[in-house]
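According to our numbering, numbering within the sequence shown proceeds without interruption in unit steps and concludes at 250.
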Amino acid sequence: MLRTEPIDKWVRGRLAGEVVVESREPLLVWQGRFPPVYAFRRDEVADGVLAPTDPPVREGFSFFAPQVAVAQWYDVAAGGRVLPAAAWTLDDEAVADRVVLTWEPGLLEWTEEDEPVTGHPRDPHKRVEAIASSRRVEVAVDGVTLATSDRPVLLFETDLPTRFYLPREDVRLDLLEPTDNVSFCPYKGRTDDYWTWPGPPALANVAWSYHSPAPAVGAVAGRVAFYNELVDLTVDGVRLERPESVFSSPEQRPGSDA
């Protein structure tokens, strides 16, 4: 069953620099436990952009694909580019007259008001807050200390463990291996740097950093955070239990093959 909610954000999607969809009253749609998507009225999609197409052939799970049955697929075309099966209508009466366009990174460019957003629309019921702190934070793996700091920035995000963003000079980056992984978050922006703990056993992309995060969490810029789910965290002398979250599953961690 879908859950829907109207919202009054000015939302635009662009392909090859051309606006292909624009709305000041898009409809947010939740497909079960997944983050929301926008469903647009047909008159909010530019003329000539959508062309009906056959269902795509996909193997395995895709976070960016529809998570419920699809009534019709569409190619999206503009500016001399065609994105195959990049839009769809969901097979549900609540949104039967609306169309969803893909948020997969690297395809359409999305803005909410005038701020770029990637990955998926921002959930109005999700809180993200970055606060400077003087807590004493220690990060270790298998008894090896990877970071010690008394000047973290704590990032609070709904449904996720508190993340501790530490100054780079307080992290033993010499013990970690940089990777070329990148990821995208609608609330924090583009993750530019990742590091792997070489082990054994290796922890792929266990730490990350944002060079230019979204303005709302600008305090984490350049700092390094670790997956609480994978490392041993001690805060003010108290060892924290490893939390369970969506990122406890390897397939949910960006770039993880472990």
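Every residue, glycine too, gets a C-beta built ideally from N, C-alpha and C.
For residue i: DSSP bridge partner residues
i: R182; result: F176
i: W22; result: R(-5)
i: A132; result: T137 and D224
i: A124; result: V145
i: W187; result: P170 and A199
i: V109; result: W102
i: R231; result: T226
i: V163; result: A139
i: V37; result: V13
Separation of residue j from residue i, as counted between CA atoms
i: Q310; j: V238; result: Any property of residue 310 remains undetermined from this structure, which presents the chain solely from -7 to 250.
i: I(-1); j: F32; result: 11 Å
i: R90; j: R143; result: 48 Å
i: D134; j: L168; result: 14 Å
i: D67; j: T137; result: 51 Å
i: A70; j: A213; result: 35 Å
i: E121; j: R231; result: 23 Å
i: P153; j: E233; result: 11 Å
i: R160; j: Y202; result: 12 Å
i: E104; j: R16; result: 10 Å
i: A250; j: E36; result: Because the pLDDT at A250 is just 42, under 50, the model does not fix this residue reliably, and the point stays unresolved.
i: E85; j: Y157; result: 44 Å
i: L165; j: T110; result: 28 Å
i: V21; j: A211; result: 31 Å
i: K118; j: T150; result: 5 Å
i: E14; j: K1; result: 10 Å
i: R4; j: R34; result: 14 Å
i: P18; j: G247; result: 32 Å
i: N173; j: P28; result: 25 Å
i: P242; j: P235; result: 14 Å
i: P47; j: V62; result: 9 Å
i: P190; j: R73; result: 41 Å
i: E96; j: P192; result: 34 Å
i: F55; j: P76; result: 17 Å
i: V129; j: G9; result: 45 Å
i: Q64; j: R(-5); result: 20 Å
i: V216; j: S240; result: 19 Å
i: R6; j: L147; result: 31 Å
Boundaries of the beta strand (DSSP E) in which residue i is found, first to last residue
i: D262; result: The requested residue 262 is not part of the displayed model; the chain covers only -7 to 250.
i: D46; result: D46 -> no beta strand (DSSP E), and no H or E assigned at all.
i: F148; result: V145 to E149
i: D224; result: D224 to V227
i: F218; result: V216 to F218
i: V29; result: V29 to R33
i: W80; result: R73 to L82
i: S15; result: E10 to S15
i: V3; result: V3 to L7
Which of helix, strand or coil DSSP assigns to residue i
i: A88; result: coil
i: L99; result: coil
i: F156; result: strand
i: L93; result: strand
i: S204; result: coil
i: F56; result: coil
i: A194; result: coil
i: P246; result: coil
i: A213; result: coil
i: S240; result: helix
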